[in-house]
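Working notes, structure below.
2 protein chains.
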Amino acid sequence: MRKTTIEDWLTDLASELPAPGGGAAAGMNAATGAALVSMVCNLTIGKPKFAEHEAVMREALAEAERLRAEALRLAEDDAEAFSGVMAAYKLPKATAEEKAARTAAIQSGLAEAAEVPLAVAKVSAQVIRLSGKILDGSNPNVLSDVAVAASSAKSALESAALNVDINLGSIKDAEVRERLASALNESLQAKVQAEAIMQAVAKRIRA
Amino acid sequence: MRKTTIEDWLTDLASELPAPGGGAAAGMNAATGAALVSMVCNLTIGKPKFAEHEAVMREALAEAERLRAEALRLAEDDAEAFSGVMAAYKLPKATAEEKAARTAAIQSGLAEAAEVPLAVAKVSAQVIRLSGKILDGSNPNVLSDVAVAASSAKSALESAALNVDINLGSIKDAEVRERLASALNESLQAKVQAEAIMQAVAKRIRA
């Protein structure tokens, strides 16, 4: 994916191919948000006017770079996430033993497949929190980009959450389901902060 | 932009270069949403099971392809949108006449520059409405992608709206301001529909 041109990636996304799909799009939106946080940091760091925020901005930049790399990697992983489940569905089911082994393989495949959108949700929540961290210290000329970062990450978060939910519906083990749902819930808390960032920026722009 | 690789585009976005920035990211998010609508249509069209929705899906596919091309073009235009304003700021202002000519040039540049994010907002709203149109007839296997499309387009819409608002703040002609604000408002109506699509899909997934 990373070596594909923007035009070709969009064409592949639009096609009837199984990947890339909504999962990769969510990863891409998270990466876009992280990249915008980096941009805001890069346009703030080193300017004497914003010297008092220098340390926060430098730390945020390092974190944003890490999150962008992770989001892009997860967007690429998404295509493979379901291959384990698909392979498990193809296992033999002639005997009772085979049936049990197949069901177990499908179930562990589903739990594994849920890990990718769960990780996208987590990265997206981190991008939102990072946007909140740089909101006050950012160069005012690029304040709107802080909001665009939070908005793009919020879209990634809610999209990834849907993909986790789809998997949860097929997982039978209540404990596994509970663990995944609780991890997702923690990330989903960041949605409220994304809204607050959007509103704070809009307010300052209209002021 | 369209011939840049995903990785390089994200790196450029993250850099201190003036473009691409939040405006291009908004255009990209709108294009991603449109591409996902195309994908859902492509995975629904031609399947006997969904024959009753065939006509709606074919029409939606054609519209989604058009919107994707337009969103990508607007993402590319965004970089140039401000060049007119920047050139106007560099005009001479030694005499009263020069000052008046410069102010007029800045003002018309700002009004022109607002047209790109306004068009991104309009395209994003159209992607949201199109997601709503295909919601009932889409292949249930890719129902979540309809929601991801709406979510990505909603992020594009609210991001573009911020960029229009920034320009509105500098435009002095009340009539121009009123015309831009009213056009933006019409597009912003689609935000509520995007939320409704997300909720409808989440409800069906959890059912």
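Read top to bottom, the protein sequences are chains U and V.
Position 68 (the first sequence) corresponds to 67 in numbering that gives the first Met the number 0; numbering is contiguous.
Position 149 (the second sequence) corresponds to 148 in numbering that gives the first Met the number 0; numbering is contiguous.
The beta carbon of each residue, even a glycine, is placed where N, CA and C say it ideally should be.
Predicted model only: the values in this text are computed from it and were never measured.
In chain U, which residues lie less than 9 Å from residue i when you measure between Cβ atoms?
i: N162/V; result: S143 and V147
i: S181/V; result: Neighbours of S181/V on chain U: none; closest Cβ ~16 Å, over 9 Å.
i: R205/V; result: D164, L167 and G168
i: N138/V; result: Those within 9 Å of N138/V in chain U number zero; the least Cβ separation is about 10 Å.
Quick check on the burial criterion: 16 or more other C-beta atoms within 10 angstroms. Buried or exposed for residue i?
i: S144/U; result: The amino acid at residue 144/U is misidentified as Ser; the sequence shows Asp. Under this definition D144/U is a buried residue.
i: V36/V; result: buried
i: R205/V; result: exposed
i: G168/U; result: exposed
i: N138/V; result: buried
i: S181/V; result: exposed
i: M56/U; result: buried
i: V121/U; result: Position check: residue 121/U holds Lys in this sequence, whereas Val was assumed. Classification for K121/U: buried.
i: Q198/V; result: exposed
i: T43/U; result: buried
i: S82/U; result: exposed
i: R67/U; result: buried
i: D77/U; result: buried
i: M211/V; result: Not covered by the structure: residue 211/V. The range shown for chain V is 0 to 206.
i: E185/U; result: exposed
i: D172/V; result: exposed
Could you name the residues of chain V that residue i contacts, counting a contact when the two beta carbons are closer than 8 Å?
i: L71/U; result: I5, E6 and L9
i: S123/U; result: The premise fails here: S123/U is roughly 11 Å from chain V at the closest Cβ pair, so nothing lies under 8 Å.
What does residue i touch in chain U if you count any residue whose Cβ is under 7 Å from its own?
i: R1/V; result: T4, I5 and E6
i: V115/V; result: Going along chain U, no residue has its Cβ under 7 Å from V115/V, so there is no contact; the nearest lies around 14 Å.
i: A34/V; result: L9, L12 and A13
i: V200/V; result: L161
i: R67/V; result: L9 and A13
i: L109/V; result: Residues of chain U passing the Cβ test: none, with the nearest at roughly 14 Å.
I need the straight-line Cα distance from residue i to residue j, nearest angstrom please.
i: C40/V; j: A59/V; result: 7 Å
i: R203/U; j: N162/V; result: 13 Å
i: K190/U; j: L73/U; result: 20 Å
i: V141/U; j: G45/U; result: 15 Å
i: S208/V; j: L12/U; result: Beyond the ends of chain V as shown, which are 0 and 206, falls residue 208/V; an answer cannot be given.
i: N166/V; j: L109/V; result: 6 Å
i: A160/V; j: V175/U; result: 41 Å
i: V115/U; j: A201/V; result: 19 Å
i: A24/U; j: A155/U; result: 8 Å
i: Q188/U; j: A95/V; result: 56 Å
i: G22/U; j: A50/U; result: 39 Å
i: Y88/U; j: A80/U; result: 14 Å
i: G136/V; j: T3/U; result: 31 Å
i: L90/U; j: R178/U; result: 27 Å
i: G20/U; j: E75/V; result: 23 Å
Since residue i meets chain V, which of its residues come closer than 7 Å, beta carbon to beta carbon?
i: T94/U; result: In chain order: nothing, as chain V lies at least about 30 Å away.
i: M27/U; result: T31
i: R178/U; result: Here the premise fails: no neighbours, minimum Cβ distance about 18 Å.
i: A78/U; result: Near A78/U there are no residues of chain V at all, since even the closest Cβ is about 14 Å away, more than 7 Å.
i: A24/U; result: T31, L35, V147 and S151
Counting only Cβ pairs nearer than 9 Å, list the residues of chain V close to residue i.
i: N184/U; result: Ordered by position in chain V, no residue passes the 9 Å Cβ test against N184/U, which lies about 14 Å from the chain.
i: E157/U; result: A146, V147, S150, M197 and A201
Whether or not the segment 151 to 162 of chain V and the segment 24 to 31 of chain V are in contact is what I'm after, with contact meaning three or more pairs of Cβ atoms, one per stretch, closer than 8 Å; do they touch? yes
Sequence ranges, beta strand (DSSP E) only - wholly within the segment 55 to 95 of chain V, length at least 3: none
Counting Cβ pairs closer than 8 Å, one from the segment 49 to 69 of chain U and one from the segment 94 to 113 of chain U, do we hit at least three? no
Okay, do the segment 38 to 57 of chain U and the segment 5 to 22 of chain V touch, 3+ Cβ pairs below 8 Å being the bar? yes
Segments assigned alpha helix (DSSP H), at least 4 residues, entirely inside the segment 88 to 136 of chain U: 95 to 112 and 114 to 133
4 or more residues per run - each alpha helix (DSSP H) lying fully within the segment 1 to 61 of chain V: 5 to 13 and 21 to 41
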